[in-house]
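J.: Questions regarding the structure given below will be posed in turn.
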Amino acid sequence: MLKSGVRRLPLRGADLVLMAHHPRWKGVELGHNTLLVVECDGPIESDRIARAWDRFLDVCPWPAARLRRSFPWGKLHWTAGARASLARPPLRRATITARAQLQRELTTELNIALAPRREAPARMLVVDDESAHPTPSSVLVLTWFHPLMDARGGENLLTHLNELDHHVDTTPRGDSPTAFVSEGDRRSLLQRSRIARSSLEYLRTLAPVPPVSAGGLPRPPGRACFRRQSLIAPYPTDQRAAQEICWRVALVGKAMSELWRRRNLDDVPCLLPISVDVRPKGELGPTFGNQLAFHFARFRSSETADVPALARMLRRQMADAVRDGQIEATQVAMEFLHYRPLSRMLQVLPWTVGGELFSFNCADLADWPNALAECFGRKVVNAYHIPVVPPRPGIGVFFNRCAGRNNIVVSWIEGVVSDAEAARIIEVIREGMGWIETDATMRGHALRAGPPGTG
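Position 320 of the sequence shown, counted from 1, bears residue number 319 in numbering that gives the first Met the number 0, the numbering being contiguous throughout.
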């Protein structure tokens, strides 16, 4: 029985999948961090952030909750006490004197693992860049324990905080209550169990052998690393093709196949999960809990040479999965992971027996929301996500778009790939998309305009 004032929020199925990625190495601290990095055009005041957190906790406790499991077989859940017992997530500041130092600060933040059983599952960092011209600027970093929410949930949380900052004396959404969490599935247990059983049967057909991966032999993971590049299209492009996930996965597959061939890996099928946001279209939707279902793409390294053909094949696979209801079914099936120990959650899939999960991770995190064109009174110049990837496969590629920039983030676990190999992955994608670096674009405009004074 719950004590008076105590609130509970069960983890969702997708949250449990993230939790189950790290059961192998006992006693090794494994991070589930994910970062939302927001570059602003001026300094951000700490007091504004603190006031927004305090007002948010008045209506929603989950950023200050703790992770609990009553029994080894009980449901993992978030627990929060009465408002008086809740403390705002911590905020710290750091200062850099050269833009190149930002990478070091973000890498450090990425590797300070959150321990949600003992502390809040979220925190903030403000990096003040004194080298910015004409005036200093700030980079706001929201860090959270990934099973708390997905990438869009992080954007939603920042949107709520930003709205509270803008509406100091009023409620941002009037009398309309905000749904911070999703409603439960109203279908009967019998219906859901039938859907889950059929989903499991389908998943067991996807990978007759363990998928190809650069992860290597199972071992305790090293530090989380990342490389990020912002690019733009130098000329009008077919935006539908450029933003389509199947095209991007095909390009990432081409880049990964180069890596696999250099390592003389067998031409066995590649398997990767493509996340599908289940929030209603056009709505902010729930913030907490990973609101995701999954589609599983399959191809071989030998099929990556023809990117357009591979993209068409991936598109057909996804269309078939939607038609057959398999994507929704994975969402239902993941909820039944509640009843398994963490160490056994993913062993229901035959290819995971040896520790392998997927070939790599890949996600398109879409466009930066218009509601966050400004953040805590400052214009947003760029924003991107940096998640820690699971030790197996140990590498992921993530896209998003903000303020005309196309961001590519390669995240990996130290020892899986080198920095040069991560840079090559970005270069293959850049070439395939026809993008160029922002600095190169500015030089190109200067050349077309002619040197100064030439008229």
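Beta carbons: idealized from backbone N, C-alpha and C, even for Gly.
Note that the structure is a prediction, hence the values are computed from the model and not measured.
Let me know if Leu-309 comes out buried or exposed under the rule of 16 or more other beta-carbons within 10 Å of its beta-carbon.
T.: Buried, by the Cβ-count rule.
J.: Rounded to whole angstroms, what's the CA-CA distance from Leu-157 to Ser-301? Just pull it up for me.
T.: One C-alpha to the other measures close to 42 Å.
J.: Is Asp-418 buried or exposed, if buried means 16 or more other CB atoms sit within 10 Å of its CB?
T.: Its Cβ having fewer than 16 others within 10 Å, Asp-418 is exposed.
J.: Below 8 Å on the Cβ atoms is my guess for Val-211 versus Leu-264; work out the distance and round it to an integer in Å.
T.: The Cβ separation is near 5 Å, so the contact holds.
J.: In chain order, which continuous runs of the alpha helix (DSSP H) of length 4 or greater are located wholly inside the region 21-96?
T.: Here the runs fully enclosed are 45-58.
J.: Going by DSSP, what residue range makes up the alpha helix (DSSP H) through Tyr-201?
T.: Note, Tyr-201: alpha helix (DSSP H), 188-202.
J.: Per DSSP, Gly-183 is paired with what?
T.: Note: Gly-183 sits in no beta bridge, so no partner.
J.: Under 8 Å Cβ to Cβ from Gly-152, same chain only, skipping five residues before and after it: list those, please.
T.: Around Gly-152: Pro-285, Thr-286, Phe-287, Gly-288, Asn-289, Gln-290.
J.: Have a look at Cys-224 and Asp-276 and give me their C-alpha separation to the nearest angstrom.
T.: Cα-Cα distance, rounded: 26 Å.
J.: Can you grab the Cα-Cα spacing for the pair Leu-17 / Phe-359, in whole Å?
T.: Each residue's Cα considered, the two are about 14 Å apart.
J.: If you reduce the DSSP assignment to three classes, tell me which class Val-347 lands in.
T.: Looking at Val-347 - three-state DSSP - the assignment turns out to be helix.
J.: Leaving aside the five residues before and after Ile-194 along the sequence, list all residues of the same chain whose C-beta is less than 6 Å from its C-beta, in chain order.
T.: The residues are Ala-328, Val-331.
J.: Just reading off the beta strand (DSSP E) that Ser-229 is part of, what are its end residues?
T.: 223-231 is the span of the beta strand (DSSP E), which, as asked, contains Ser-229.
J.: At what residues does the alpha helix (DSSP H) containing Lys-378 begin and finish?
T.: Counting along the chain, Lys-378 falls outside any alpha helix (DSSP H), though it belongs to the beta strand (DSSP E) covering 377-386.
J.: Going along the chain, which residues of its own chain have a beta-carbon closer than 8 Å to the beta-carbon of Glu-154, five neighbours each way excluded?
T.: Answer for Glu-154: Leu-35, Trp-367, Pro-368, Leu-371, listed in chain order.
J.: Quick one: using the 10 Å Cβ neighbour count with 16 as the cut-off for buried, is Gly-183 buried or exposed?
T.: Gly-183 comes out exposed.
J.: So for Arg-117, helix, strand or coil by DSSP?
T.: Residue state, collapsed to three classes: coil.
J.: Are the region 124-139 and the region 35-51 in contact at 8 Å, needing three or more beta carbon pairs?
T.: Yes, they touch.
J.: Would you mind working out which of Ser-342, Cys-361, Arg-262, Gln-325 sits nearest Val-415, comparing C-alpha positions?
T.: Per the Cα distances, Arg-262.
J.: Can His-132 and His-31 be called in contact, C-beta distance under 9 Å?
T.: For His-132 and His-31, no; Cβs fall outside 9 Å.
J.: Suppose the cutoff is 7 Å on Cβ atoms and the five residues either side in sequence are ignored; what does the same chain contact list for Lys-25 look like?
T.: Because Lys-25 carries a pLDDT of 49, less than 50, the predicted location of this residue cannot be relied on, and the following value inherits that uncertainty. Excluding positions up to five away in sequence, the list is empty.
J.: Could you say which of Ser-130, Arg-314, Trp-61, Asp-266 lies nearest to Ala-249 if we only look at CA atoms?
T.: Of the candidates Ser-130, Arg-314, Trp-61, Asp-266, the one whose C-alpha sits nearest the C-alpha of Ala-249 is Arg-314.
J.: Classify Ala-320 as buried or exposed, calling it buried when 16 or more other Cβ atoms lie within 10 Å of its own Cβ.
T.: When all chains shown are included, Ala-320 counts as buried.
J.: Considering only residues of the region 238-276, which uninterrupted beta strand (DSSP E) runs meet the minimum length of 3 residues and lie entirely inside it, listed in chain order?
T.: Complete beta strand (DSSP E) runs here, min 3: 269-276.
J.: Terminal residues of the continuous alpha helix (DSSP H) containing Pro-9?
T.: Careful: Pro-9 lies outside any alpha helix (DSSP H), inside the beta strand (DSSP E) at 6-9.
J.: Quick one, which of Leu-85, Glu-436, Arg-377 has its alpha-carbon nearest Val-58's?
T.: The shortest C-alpha separation from Val-58 is found at Leu-85.
J.: When you compare the CB positions of Leu-270 and Phe-357, do they come within less than 9 Å of one another, or not?
T.: Yes.
J.: So, for Ser-197: in the same chain, excluding its five sequence neighbours on each side, which residues have a beta-carbon less than 7 Å away from its beta-carbon?
T.: Here the set comprises Ala-328.
J.: In angstroms with no decimal places, state the Cα-to-Cα distance between Thr-351 and Trp-72.
T.: Between Thr-351 and Trp-72, the C-alpha separation is close to 21 Å.
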